[in-house]
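What follows is one structure encoded as structure tokens, with my remarks underneath.
Chains as they are written, first to last, in this note's numbering: chain A, 7 to 443; chain B, 11 to 496.
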């Protein structure tokens, strides 16, 4: 059987074996103990047409949300991505390149990531951003580990209004090492309530806007965290219209960058954002791209501060990250270039407007908002007890309604988290209200 | 020129449709006051900018990329096409499980196929990269012993030739890392035996190892490891050499991580996303992260393993990467995967023999899918370093090998041609290398000042790290500058 990705002809193989000086391929595997050899119980190879048809068949039985009214976000957002974004990002010179170890032939990767880092700094109001983490949740875990390294303390306070999956990942990263995580609650506004913070605490983590969509008062959070590090989890699009955490004195800003042009893809791959102050840069995890010059003085780019990394410091490295999500960072950079400041502001403002309109209409029909705090593009509202069943049924009408929160927040009773984006139209909202009758 | 330098106030590459809902005002105290300084460009500007950047990149689609331990094989176009089918692309992780059945089916089947290839009993597809898989594996090791109350096991043994991520991942979980010596390029079994005691939690190995050699004492190593009560961890970076020949599970490994972006041809994307599934033997299945995908009659369900280490990433993992690996395995099939290993090993041995005529190859015998050469002699006689050789290779329009790894070989060049390169390409690559080595003796300065024909000349890495510039700091337009924030 010929395989399209393998170029060897029988003649090539013969010539190569002769050159090596062996009589068969099997001779090359002579070090592999015979007792452990076994063949694979898998189907035999297939042609592209058959494989494509099979996968197309599978994918067609999934709900394609392109065709749906989507009022669910909770960390992954359906946004409009201009055609030019994906078309450029998918260029094979980007997609099939490796980590840019050889700077001279990787200037495309390096410059694009350098520009991405700049854009993240602009959005978050921070001084330095790395060239990506896996996702928002692992970025948060790494941020807290960095705070532990910087302060020598081993306790972190995390708002319960931070995405539950982020808190779970944080727990996985921290608990085996005996680090302590305490949860901080919220009040009727949906914002965090901070008591006096003890000397053992390395950092306080809040989300902005938080999981309930409520905009945290970062000035209050900074006042309360004078003696600890302040870590803020963000949704980057919101920062086009909200004052960025950097301007409130945040020490680390992390977040999920999926809404910057990356498809939903079942929640991944996505983009972990990580930004901090320059003074912490040597304890920062992940790859950093810097500007420098070449032998002739031309502006060029290269990976920098690699002395913090696993391939040099091994067991003493600041983190174990090797592959990151560079391609997702590229998509985000192209998206932000296309949007520009005005475009991104409009996307954010439209999301804000649509969410507020939806909330108003729900209120008119007797569905009360759960929290009184100002919200960005998501909000929690009270729903009847049978809502989770109705929510599933709505899928038949091509509506992915607000997310029932009973599993994540049993203490809130029957509530759901609604979300609007710049793609949410008045028609979408009416279709949903109809389904809620 | 950066995209910021190309920016001109008032240009737009995007417009939105007419508004259909009324406007609401954001409370004054939250309104962004700090200027948002993103580039302002037209659509053609954006297209030309990124096209120009693409032209400054080397990639597998451009030519051979023989980075040792990185398995930069060709990435089939079908992979991209299927990962972007609407039913895979436009799905939300929180939509009802009933409407995700086919995504779950794909994950379940992929898991089964990867278990078959590795000889493991169950697998998580969640880790986002190989090193993330290592971290997951080490968390499983920790929880396994904690669960038994065996808390003395605080050490993880790794060979001195190991990938740097191995010790980094083990120490992230709080293990103390102990280095094991190599002997003739293999794990020194006597040194290993000396270190194995009841404080050892795991031994991390890759087989074939980073020198491209098959650890022929692997069964002995597994026995010694298990006899002392420790677990044996398999770094899957080098799996490309043995698929269809031998399974890590059959060699005695308890935990395996894979690099789907390497072995299974999902592209590397300039540094990611990858995907690092972790497979385990029966006795560790309960410790896998959640959610796991299980099949109950006709239905696929997300489950939480009984003694789970927890969640290691949000949602389900790098799903499109999983789709690409699934499509690749179906394309190759059992015969194709075996052929991959055979041709990868054939290519490496062929190139090794060609290169050993002009560069020292420190370890005898057949190599697997990669091998290490040393330019130590060239350096001693000419002052030309391995780095200079690598830079001069760039002038010839191809990518150099991995340099200065593994650390135990001086002036190392680590070469992995992969199975997707033809005999002609390998012949040409060997010719280029030979020419460059010859040049080192005849005209060392040409190498020391290389590269000469790349988009930029030798990049000043020292300056870059000594006086780091992390972000664009050029001048914004006059109109912008007046309103610049802090």
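We put the beta carbon where it would ideally sit given N, CA and C, even for glycine.
Quiz item: Exposed or buried, which one is residue 76(A) when buried takes at least 16 other CB atoms within 10 Å?
Solution: As a first step, residue 76(A) must be located in the first chain, where it is residue number 70. Residue 76(A) should be labelled buried.
Exercise. Express the C-alpha separation of residue 141(A) and residue 364(A) in angstroms, rounding to a whole number.
Key: Walking along the first chain from the start, residue 364(A) turns up at place 358. Walking along the first chain from the start, residue 141(A) turns up at place 135. In a straight line, the C-alpha of residue 364(A) is about 29 Å away from that of residue 141(A).
Practice problem: Kindly identify the DSSP beta-bridge partner or partners of residue 422(B). | Solution: By one-based count along the second chain, residue 422(B) stands at place 412. Its beta-bridge partners are 384(B).
Self-check item: Completely contained beta strand (DSSP E) runs for the region 183-215 of chain A, where each covers 3 or more residues
Solution: 186-190 and 207-214
Quiz prompt | residue 326(B) at chain A interface by Cβ criterion, 8 Å | solution = Along the second chain, read from residue 1 onward, the residue named residue 326(B) stands at position 316. Closer than 8 Å: yes.
Exercise. Report yes or no: is there a C-beta of chain A within less than 8 Å of the C-beta of residue 495(B)?
Key: For the purposes of this step, residue 495(B) is taken as residue 485 along the second chain, with counting starting at 1. Bear in mind that the predicted position of residue 495(B) carries a pLDDT of just 37, short of 50, making it unreliable; the figure below should be weighed with that in mind. Closer than 8 Å: yes.
Quiz item: Taking Cβ-Cβ distances shorter than 7 Å, what residues in chain B pair up with residue 127(A)?
Solution: As a working note, residue 127(A) is residue 121 in the first chain. The contacting residues are 481.
Quiz item: Under the three-state reduction of DSSP, which class applies to residue 169(B): helix, strand or coil?
Solution: As a first step, residue 169(B) must be located in the second chain, where it is residue number 159. Residue 169(B): strand per DSSP, three-state reduction.
Self-check item: Stretch-stretch touch, CB-based, cutoff 8 Å, three pairs: the region 438-455 of chain B with the region 292-304 of chain B
Solution: no
Quiz prompt | CB contact flag (residue 177(B), residue 197(B), <8 Å) | solution = Looking up residue 177(B) in the second chain gives position 167. Looking up residue 197(B) in the second chain gives position 187. Against a cut-off of 8 Å, the Cβ pair of residue 197(B) and residue 177(B) comes out as no contact.
Practice problem: Quick one: residues in its chain with C-beta nearer than 7 Å to the C-beta of residue 185(B), no 5 flanking neighbours on either side, listed in chain order? | Solution: Within the second chain, residue 185(B) is the residue found at index 175, counting from 1. Result list for residue 185(B): 148, 164, 165, 166 and 211, in chain order.
Self-check item: Interface partners of residue 44(B) on chain A, CB under 7 Å
Solution: Position 34 of the second chain, counted from the start, is the residue given in the question as residue 44(B). The contacting residues are 131, 249, 250 and 253.
Practice problem: Taking residue 355(B) and residue 422(B) to be in contact with their CB atoms under 8 Å, please state how far apart those CB atoms are, rounded to whole angstroms. | Solution: By 1-based counting over the second chain, the position of residue 355(B) is 345. By 1-based counting over the second chain, the position of residue 422(B) is 412. Contact flag wrong, Cβ pair sits at about 20 Å.
Exercise. Please list the partners that residue 53(B) has in chain A, where partner means a Cβ-to-Cβ separation under 9 Å.
Key: Looking up residue 53(B) in the second chain gives position 43. Chain A residues near residue 53(B): 88, 90 and 344.
Practice problem: Spell out the partners DSSP gives residue 302(B) in its beta bridges. | Solution: Taking the second chain and counting its residues from 1, the one referred to as residue 302(B) is at position 292. BP columns for residue 302(B) point to 313(B).
Self-check item: Reference residue 414(A); option with closest CA among 231(A), 171(A), 321(A) and 126(A)
Solution: Here residue 414(A) refers to the residue found at position 408 of the first chain. The shortest Cα separation from residue 414(A) among 231(A), 171(A), 321(A) and 126(A) belongs to 171(A).
Practice problem: For residue 151(B), I'd like the list of residues in its chain whose CB is within less than 6 Å of its CB, leaving aside the five on either flank, ordered along the chain. | Solution: Reading the second chain from its first residue, position 141 is the one you call residue 151(B). Within the same chain, residue 151(B) has close Cβ partners 211, 212 and 241.
Quiz item: Is the distance from the Cβ of residue 134(A) to the Cβ of residue 150(A) below 8 Å?
Solution: Residue mapping note: residue 134(A) aligns to position 128 of the first chain, counting from 1. Residue mapping note: residue 150(A) aligns to position 144 of the first chain, counting from 1. No. Outside cutoff.
Quiz item: Using DSSP with H/G/I as helix, E/B as strand and the rest coil, what is residue 275(B)?
Solution: Mapped onto the second chain, residue 275(B) falls at position 265. DSSP places residue 275(B) in coil when its eight states are reduced to three.
Quiz item: Cα separation between residue 31(A) and residue 155(B)?
Solution: Looking up residue 31(A) in the first chain gives position 25. Looking up residue 155(B) in the second chain gives position 145. Straight-line Cα distance between these residues: approximately 42 Å.
Practice problem: Starting from residue 181(B), follow the alpha helix (DSSP H) in both directions and report where the run begins and ends. | Solution: As a position in the second chain, residue 181(B) is number 171, starting the count at 1. Residue 181(B) -> alpha helix (DSSP H) spans 175-182.
Quiz item: Expressed to the nearest angstrom, what Euclidean distance is found between the alpha-carbon atoms of residue 491(B) and residue 86(B)?
Solution: For the purposes of this step, residue 491(B) is taken as residue 481 along the second chain, with counting starting at 1. For the purposes of this step, residue 86(B) is taken as residue 76 along the second chain, with counting starting at 1. Reliability fails at residue 491(B), whose pLDDT of 38 lies under 50, so the model's placement of it is uncertain and the value that follows must be treated cautiously. Taking the straight line joining both Cα atoms gives about 47 Å.
Self-check item: Neighbouring residues, chain B, relative to residue 218(A) (Cβ below 7 Å)
Solution: Indexing the first chain from 1 puts residue 218(A) at position 212. Correct list: empty, because the minimum Cβ distance to chain B is about 15 Å.
Quiz item: For the region 59-79 of chain B, which residues have a CB atom closer than 9 Å to at least one CB atom of chain A, in sequence order?
Solution: Residues 59, 60, 61, 62, 63, 64, 65, 66, 67, 68, 69, 70, 71, 72, 75 and 77.
Quiz prompt | Own chain residues within Cβ distance below 8 Å of residue 50(B), not counting five before or after | solution = Along the second chain, one-based indexing puts residue 50(B) at 40. Cβ within range, chain order: 17, 18, 19, 20, 21 and 22.
Quiz item: Three-state secondary structure (DSSP) at residue 133(A)?
Solution: Taking the first residue of the first chain as position 1, residue 133(A) is located at position 127. In the structure shown, residue 133(A) sits in coil (DSSP, three-state: anything other than H, G, I, E or B).
Quiz item: Rounded to a whole number of angstroms, what is the C-alpha to C-alpha distance between residue 438(A) and residue 416(A)?
Solution: As a working note, residue 438(A) is residue 432 in the first chain. As a working note, residue 416(A) is residue 410 in the first chain. Taking the straight line from one Cα to the other gives about 24 Å.
Quiz prompt | Against chain B: residues of the region 91-106 of chain A by CB proximity under 9 Å | solution = 91, 92, 93, 94, 95, 96, 97, 98, 99, 100, 101, 102, 103, 104, 105 and 106
Practice problem: Answer with yes or no whether the minimum CB distance from residue 489(B) to chain A is below 8 Å. | Solution: Reading the second chain from its first residue, position 479 is the one you call residue 489(B). Any reading at residue 489(B) must be qualified, since the residue scores a pLDDT of 41, below 50, and its modelled position is unreliable; no value is offered.
Quiz item: Counting Cβ pairs closer than 8 Å, one from the region 325-342 of chain B and one from the region 280-292 of chain B, do we hit at least three?
Solution: yes
Quiz item: By Cβ distance below 6 Å, which residues in the same chain neighbour residue 327(B) in space, the five residues on each side in sequence not counted?
Solution: If you number the second chain from 1, residue 327(B) lands on position 317. Excluding sequence neighbours, residue 327(B) sits near 135 and 136.
Quiz prompt | Residue burial classification, residue 128(A) (beta-carbon count within 10 angstroms, cutoff 16) | solution = The residue labelled residue 128(A) in the question sits at position 122 within the first chain. Flag for residue 128(A) reads buried.
Quiz item: Within the 8 Å Cβ cut-off, does residue 404(A) reach chain B?
Solution: The residue you call residue 404(A) lines up with position 398 of the first chain. It does not; no Cβ of chain B falls within 8 Å.
Practice problem: Measuring only between beta-carbons, confirm whether residue 384(B) sits less than 8 Å from chain A. | Solution: Here the question's residue 384(B) lines up with position 374 in the second chain. No, residue 384(B) does not count as interfacial toward chain A.
Practice problem: Answer yes or no: do residue 409(B) and residue 76(B) have a C-beta to C-beta separation smaller than 8 Å? | Solution: Residue mapping note: residue 409(B) aligns to position 399 of the second chain, counting from 1. Residue mapping note: residue 76(B) aligns to position 66 of the second chain, counting from 1. Contact flag set, yes.
Practice problem: Give me whichever residues DSSP pairs with residue 278(A) in a beta bridge. | Solution: Numbered from its first residue, the first chain carries residue 278(A) at position 272. Per DSSP, 139(A) and 262(A).
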